[in-house]
Amino acid sequence: MAKLLYSATASLDGYIAGPGGDMSWLTEHLTGENPTAERLLAGVGAILAGNGTFGGGDPNRGTDKEGAFGGQYHGPVFVLTHRPPAEPPPGITFVGDLPSAVAQAREAAGDRYVNVLGADVARQCVRAGLLDEVLIFFAPVLLGAGVRIFDDPGGPAVRLTPIPGETAHWYRVVR
Numbered sequence: 000m001a002k003l004l005y006s007a008t009a010s011l012d013g014y015i016a017g018p019g020g021d022m023s024w025l026t027e028h029l030t031g032e033n034p035t036a037e038r039l040l041a042g043v044g045a046i047l048a049g050n051g052t053f054g055g056g057d058p059n060r061g062t063d064k065e066g067a068f069g070g071q072y073h074g075p076v077f078v079l080t081h082r083p084p085a086e087p088p089p090g091i092t093f094v095g096d097l098p099s100a101v102a103q104a105r106e107a108a109g110d111r112y113v114n115v116l117g118a119d120v121a122r123q124c125v126r127a128g129l130l131d132e133v134l135i136f137f138a139p140v141l142l143g144a145g146v147r148i149f150d151d152p153g154g155p156a157v158r159l160t161p162i163p164g165e166t167a168h169w170y171r172v173v174r
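If you're matching positions, the sequence shown starts at 0 in numbering that gives the first Met the number 0 and goes up one per residue.
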């Protein structure tokens, strides 16, 4: 069964997007080779994103690198939202509740990862006990404000343990 993995690139002060969801800060940090990101991409069988992330500020918008993983991901995408568009883009499935979205994404992913994109969907997955792993890439920048990697005031403490043999900042959720 597919594992749910929350992955993100964050500033050193813990933000995955700037104020208003701005992602333009990320563009300069997406250069060069990243073997961990390449391994992750090869293991992703489906993406589960929130509506804000799906419709948000792609740092590569308008270029040939637009889309997940710098435009390199070509597979099933599930968007968790209560406001689906009247005419969904081809290849995108909009789902109104978390259990259905996770089930559909897992089925589509097979034995590969369901890559969770977006802090709010990750928070919902943690609260529901569904998240299996977390991978954070850090960019050498301090944003000072924006969307936190993970923000759940009053939420449960979640223990993470490093995955043996993996890169730093790739963790398994301890249950």
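In this text, a Cβ means the ideal position worked out from N, Cα and C, and glycines have one as well.
The structure presented is a predicted model; accordingly, all values stated were derived computationally and were not measured.
Measuring C-alpha to C-alpha distances from PHE137 to each of THR35, VAL94, ARG111 and LEU3 identifies THR35 as the nearest. Check the Cα spacing between VAL157 and each of GLY19, ALA127, LEU142 and ALA48: the tightest is with ALA127. Going by DSSP, GLU32 is part of no beta strand (DSSP E) at all; its letter is neither H nor E. LEU4 is bridged by DSSP to ASN114 and GLU132.
Membership of PHE149 in any beta strand (DSSP E) is not indicated, and neither H nor E is assigned to it by DSSP. Straight through space, the alpha carbons of ARG105 and VAL120 are spaced by roughly 15 angstroms. Restricting attention to GLU165, LEU134, ALA167 and ALA41, the CA atom closest to the CA of GLY74 is found in ALA41.
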